[in-house]
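Visitor: From first to last, the protein sequence lines stand for chains V, H, R and W. With the first letter of the first sequence counted as 1, position 138 gets the number 137 in numbering that gives the first Met the number 0; the numbers rise by one all the way through. With the first letter of the second sequence counted as 1, position 28 gets the number 27 in numbering that gives the first Met the number 0; the numbers rise by one all the way through. With the first letter of the third sequence counted as 1, position 80 gets the number 79 in numbering that gives the first Met the number 0; the numbers rise by one all the way through. With the first letter of the fourth sequence counted as 1, position 6 gets the number 5 in numbering that gives the first Met the number 0; the numbers rise by one all the way through. Idealized CB from N, CA, C, for every residue including glycine. Take a look at the following structure, please.
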Amino acid sequence: MTIIIQENVFSISKIISELSKKDNVGAVVSFSGYVREFSKEKKLKFMEIEHYPGMTEKSLESIEKKARNQWDVNETIIVHRVGKLLPKDIIVGVIVSSKHRTNAFKACEFIIDFLKTDAPFWKKEISDEDKVWVSERQEDIKKKTNWNKLD
Amino acid sequence: MTIIIQENVFSISKIISELSKKDNVGAVVSFSGYVREFSKEKKLKFMEIEHYPGMTEKSLESIEKKARNQWDVNETIIVHRVGKLLPKDIIVGVIVSSKHRTNAFKACEFIIDFLKTDAPFWKKEISDEDKVWVSERQEDIKKKTNWNKLD
Amino acid sequence: MNLKLLFFASLREQFGFSQKEIALSRTVKSPEEFLLIMSKESGGEWINLFNNKKLYKVAINKDLASWRNLIVEGDELAIFPPITGG
Amino acid sequence: MNLKLLFFASLREQFGFSQKEIALSRTVKSPEEFLLIMSKESGGEWINLFNNKKLYKVAINKDLASWRNLIVEGDELAIFPPITGG
């Protein structure tokens, strides 16, 4: 398990290629999230991401552990950026390697779904018109609830 | 939709980064499959992948269309290698971009699951002991059946 | 009773600080009771926050908690709007 | 009746060819009937294949099909073991 919170941009590619070179890897699944240029018809100038240092790492470690308890995975890497981000910038990467693909798919989707609701990050969107804190997506809460049903 | 069958190695990274730069992309999910060093306790020397030219493309196009009918995705890229591959080499990449992450996850997993059972590729594993054509995994058939139940 | 209080995102902006050591004149047993005391003693934004606490989340010592979870001397209390990372 | 026949993987190795134009002395209606005729006329490996056809897959004109699907003059018939790509 590797958890990285940083301001700088990072390369999903390098992570995938490093994971794939380790022993006994049959599958790597990666999720990467990007800043979209439009939010509710408003053209974004930039985004600011704030987090709660310490709790972020603690919550991501606990999410990772829950994933690992359910699916047989080799390695997991979670990288999340904070600070000022521009449209099309990468925000987050979740990369999971495993022997067989289904475990990597499930663990990767589980981690990003719980990151969305339980890891303390907050996004602020700055456009020409206004600056607004992003509000939670009902869809995200529903997805988390669906995983809990499977437990 | 892009479908590529080739002998040469390819870079998942480059594809992800290209997809992420297009408009309106919030999420990219990638699956990459690799040659494992061991198969049933035998150390692999190399693998040979054979395919049915023409049918491969036709079946992948049909799988991609089915995925697109079910989930709102932006772009899909499927790359599969044929010929001689060494342990740890990349075999296949499925990369899907979308506005929201769930669609990319579902479409990517659907495509690789159906590729495994419906796209005409065959693997032969060459070790010091023998040369054997890989036999189908019951797990793969089960996964395909599970998708069909959801239809 | 001493607590460390943290605000994030919109609450940080509203209250004008991100963290503060709080010395309460009495002991409180839960984040909810903490807000009640603060709204009685300091008023203003605190009354608002107490009344709208369902719109916010609370963490005790960096774990998500509920408004009625137990808090003790020295705890780190964080209050923030719903999480929107990823 | 003329058919284009393709074999892949283990079948290609067993039969020693990957594709062949086949001119049948009579018309067949399905891949199953094709195998039956071949096993009667050519014997050997064909008998084996006919008897074990449940272990193999068939495609007609590059679409997965069943052993009883209709085939017509000029069709491309491919026979192969289960797919193991990805």
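1) Quick one: which chain V residues come within Cβ less than 8 Å of R:L63?
2) Could you spell out where the beta strand (DSSP E) holding R:L23 opens and where it closes?
3) With DSSP run on the structure shown, which of helix, strand or coil describes H:T1?
4) For W:Y55 versus W:F79, is the C-beta spacing smaller than 8 Å?
5) Give the secondary structure of H:F9 by DSSP, where H, G and I count as helix, E and B as strand, and everything else as coil.
6) Rounded to whole angstroms, how far is the Cβ of H:V34 from the Cβ of H:S96, which I believe are closer than 8 Å?
7) What is the DSSP secondary structure of V:R80, counted as helix, strand or coil?
8) List the DSSP bridge partners of H:K123.
9) For the beta strand (DSSP E) containing V:S96, name the first residue and the last one.
10) Quick check: what's the CA-CA separation for W:F6 versus W:S38?
11) Less than 8 Å between the C-beta atoms of R:I70 and R:P30, yes or no?
12) So if DSSP puts V:Y33 in a beta bridge, which residue, or which two residues, is it bridged to?
13) Can you name the residues of chain V whose CB is closer than 8 Å to the CB of R:P30?
14) Can you tell me where the alpha helix (DSSP H) with V:A66 in it begins and where it stops?
15) Measure from the alpha carbon of H:G82 to the alpha carbon of each residue in H:N73, H:E6, H:V27 and H:M0, then state which is nearest.
16) Need the endpoints of the beta strand (DSSP E) that W:I59 sits in, please.
17) When you compare the CB positions of H:I14 and H:I76, do they come within less than 8 Å of one another, or not?
18) Is there a Cβ from chain B that is less than 8 Å from the Cβ of V:W121?
19) Mind pulling the chain W residues with CB within less than 8 Å of H:W132?
20) Could you give the residue range of the alpha helix (DSSP H) that holds V:K105?
21) Any beta carbon from chain W within less than 8 Å of H:L84's own beta carbon?
22) So with CB distances below 7 Å, who are the chain H contacts of W:A22?
23) Counting along the chain, where does the alpha helix (DSSP H) carrying V:N139 start and finish?
24) In three-state DSSP terms, what is V:L18?
25) Could you say which of V:S61, V:R136 and V:K141 lies nearest to V:K39 if we only look at CA atoms?
26) Please name the residue or residues paired with W:L4 in a DSSP beta bridge.
27) List, in chain order, every chain V residue whose beta-carbon is nearer than 9 Å to that of R:L34.
28) Identify the residues that DSSP records as bridge partners of H:E74: which are they?
29) If you follow the alpha helix (DSSP H) that W:L48 is in, where does it begin and where does it stop?
30) Do H:D139 and H:S58 have their C-beta atoms within less than 8 Å of each other?
31) Would you kindly report the start and end of the unbroken alpha helix (DSSP H) that includes W:L69?
32) Who are the neighbours of H:D22 on chain V, taking C-beta pairs under 8 Å?
33) Just curious, the alpha helix (DSSP H) that R:I36 is in, first and last residue?
34) Is it a yes or a no for the region 63 to 74 of chain H touching the region 16 to 23 of chain H, going by three-plus beta-carbon pairs under 8 Å?
35) Hey, how far is the Cα of R:N50 from the Cα of R:L34?
Guide: Taking the definition as stated:
1) S58 and D117
2) Element bounds for R:L23: n/a, residue is neither H nor E.
3) strand
4) yes
5) coil
6) Actually they do not touch by this definition, with Cβ atoms about 26 Å apart.
7) strand
8) H:E47 and H:W132
9) I89 to S97
10) 16 Å
11) yes
12) V:I89
13) Residues of chain V passing the Cβ test: none, with the nearest at roughly 15 Å.
14) M54 to Q69
15) H:E6
16) K56 to I59
17) yes
18) Protein chains V, H, R and W are contained in the structure displayed, whereas chain B is not.
19) A8, S9, P80 and T83
20) R100 to D117
21) no
22) The premise fails here: W:A22 is roughly 22 Å from chain H at the closest Cβ pair, so nothing lies under 7 Å.
23) Checking the displayed sequence, the identity of residue 139 of chain V turns out to be Asp instead of Asn. Q137 to L149 is the extent of the alpha helix (DSSP H) around V:D139.
24) helix
25) V:R136
26) W:K19 and W:L76
27) Ordered by position in chain V, no residue passes the 9 Å Cβ test against R:L34, which lies about 19 Å from the chain.
28) H:S96
29) E44 to N50
30) no
31) Taken as a continuous stretch (DSSP letters only), W:L69 belongs to no alpha helix (DSSP H), as it is neither H nor E.
32) E36
33) P30 to S41
34) yes
35) 9 Å
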